[in-house]
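Participant: At position 80 of the sequence shown (counting the first as 1) the number is 79 in numbering that gives the first Met the number 0, and the numbers step up by one without a gap.
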Amino acid sequence: MPTLNQNPWLRGLTRAVPLSALVMLASGWTNALPHLQPGTPEAKTVEAGSLRLGQSLRGSGALKQRAVTLDLSDDGQYQFLLTRLRAAGKTPQKAPYLHERLSAVRARQQERARTAGATAARADAAPAWCDHDIFFNDEVPDLKQRKIHYETNVLVTCRGGANYVFADLNAYETDVKGSYNKLIDSSSGEEYSDGRYFTQVRLNSTVDVGTVLRMDSTMIASDVFTGEEQVTFYELSASALSVAPGLTLTHPSQRTGGSASPIWMCQLRGGADCDYSIAGQT
């Protein structure tokens, strides 16, 4: 276990933070970070970087309903992460010790890639110490305005907790082919001295019917006592389909006892037999 003098993050923290604040850190606290404004040059940079990384990871088969550990030995992925941090106000000037730790992770992954091959660089955080997910909590259609409202949040849970967690969440409008990536909303936050159930990064996003809502998130988790670090990326999409609510039953339609009798039907939910009975009236 590193001592206070051996750990630059702890040394810097004790220089910059009074004792009363260190007591607060021990109990865990969260901090909301600046939102990225859509339409700004910085938003355009984030849009392009997210589109590029998402296409690359999907093309390699890495994104399969799970968060992907970023390879910081790769210049493109490292710059992507720095861009996301800058958008949340976590610049090297404002968060020097965070950037020092990320530089150390990058150096470690670069050394591993040199000695064991490029595919080994991502093994830095495997098996995953922290789970990183995006959840769609609610979906509310507004058919008159032809829009759909979504409530989403990031969930980060680390086994045994973490000294520090950063997460952001961006919402983009795109099409089914993913040919463009327009930022419509963003949120970011951080948590100190907990990391067991971080859910404070949330969004309420609205997209037009017929488009696709694409969400992505980056996450950084650190434990200064164990030396564990994890940096991951996650993306998720929802199609805003132009289908009005309702049910149309076309076949079969068995009527016994006349048109006023109940119609019995059932649903097949993945099995060989109907397992969910429904009774309706004609």
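Virtual Cβ for every residue (Gly too), placed ideally from N, Cα, C.
Out of Asp-74, Ala-127, Leu-81, state which residue places its alpha-carbon closest to the alpha-carbon of Gln-109.
Facilitator: Taking the sequence shown and counting its residues from 1, one reaches residue 109 at position 110. Measuring from the Cα of Gln-109, the nearest candidate turns out to be Asp-74.
Participant: Quick check on the DSSP output: the beta strand (DSSP E) that includes Leu-154 runs from which residue to which?
Facilitator: Residue 154 sits at position 155 when you count from the first residue of the sequence shown. Unbroken beta strand (DSSP E) run through Leu-154: 146-157.
Participant: Going by Cα to Cα distance, which pick from Gly-48, Gln-36, Leu-202, Gly-188 is closest to Tyr-179?
Facilitator: If you number the sequence shown from 1, residue 179 lands on position 180. It is Gly-48 whose Cα lies nearest to the Cα of Tyr-179.
Participant: What are the start and end residues of the alpha helix (DSSP H) that includes Lys-43?
Facilitator: Residue 43 sits at position 44 when you count from the first residue of the sequence shown. 40-59 is the span of the alpha helix (DSSP H), which, as asked, contains Lys-43.
Participant: Per DSSP, Leu-182 forms a beta bridge with which residues?
Facilitator: Here residue 182 is taken as the residue at index 183 of the sequence shown, counted from 1. In DSSP, Leu-182 forms a bridge with Tyr-171.
Participant: Go through its chain and collect everything with a Cβ distance to Trp-28's Cβ below 6 Å, but skip five positions before and after it.
Facilitator: Locating residue 28 in the sequence shown gives position 29, where the first residue counts as 1. The answer, listed in chain order, is Tyr-191.
Participant: Whose CA, out of Ser-236, Ala-161, Ile-219, Ala-166, lies closest to the CA of His-34?
Facilitator: The residue given as residue 34 occupies position 35 in the sequence shown. Among Ser-236, Ala-161, Ile-219, Ala-166, the Cα nearest to that of His-34 belongs to Ala-166.
Participant: If you draw a straight line from the alpha carbon of Gln-36 to that of Tyr-96, how long is it in whole angstroms?
Facilitator: Looking up residue 36 in the sequence shown gives position 37. Looking up residue 96 in the sequence shown gives position 97. Each residue's alpha carbon lies about 26 Å from the other.
Participant: Met-218 and Thr-151 - do their beta-carbons sit closer together than 9 Å?
Facilitator: Translated into positions along the sequence shown, residue 151 becomes position 152. Translated into positions along the sequence shown, residue 218 becomes position 219. Not a contact, by the Cβ cut-off of 9 Å.
Participant: Please report how far the alpha carbon of Tyr-196 lies from the alpha carbon of Thr-156, in whole angstroms.
Facilitator: As a first step, residue 196 is located in the sequence shown; it is residue number 197 there, counting from the start. As a first step, residue 156 is located in the sequence shown; it is residue number 157 there, counting from the start. Rounded to whole angstroms, Tyr-196 to Thr-156 spans 5 Å at the Cα level.
Participant: Do the stretch 142-150 and the stretch 198-217 touch if we need at least three Cβ pairs shorter than 8 Å?
Facilitator: With a cut-off of 8 Å, the stretch 198-217 and the stretch 142-150 count as touching, because enough Cβ pairs lie within range.
Participant: Considering only the beta carbon of each residue, do Val-153 and Ser-216 sit closer than 9 Å?
Facilitator: To locate residue 153, count along the sequence shown from 1; it is residue 154. To locate residue 216, count along the sequence shown from 1; it is residue 217. The answer is yes: Cβ separation under 9 Å.
Participant: Quick check on Ser-72: buried or exposed, where buried means 16 or more other Cβ atoms within 10 Å of its Cβ?
Facilitator: Locating residue 72 in the sequence shown gives position 73, counting from the first residue. Ser-72 is buried by the Cβ-count criterion.
Participant: Closer than 6 Å by C-beta to Gln-5: which residues in its own chain qualify, once you throw out the five before and the five after it? Chain order, please.
Facilitator: Within the sequence shown, residue 5 is the residue found at index 6, counting from 1. In this prediction, Gln-5 has a pLDDT of 43, which is less than 50 and means its spatial position is unreliable; nothing more can be read from the coordinates.
Participant: Does the CB of Thr-44 have a neighbour CB from chain C at under 9 Å?
Facilitator: In the structure shown, chain C cannot be found, because there is only a single protein chain.
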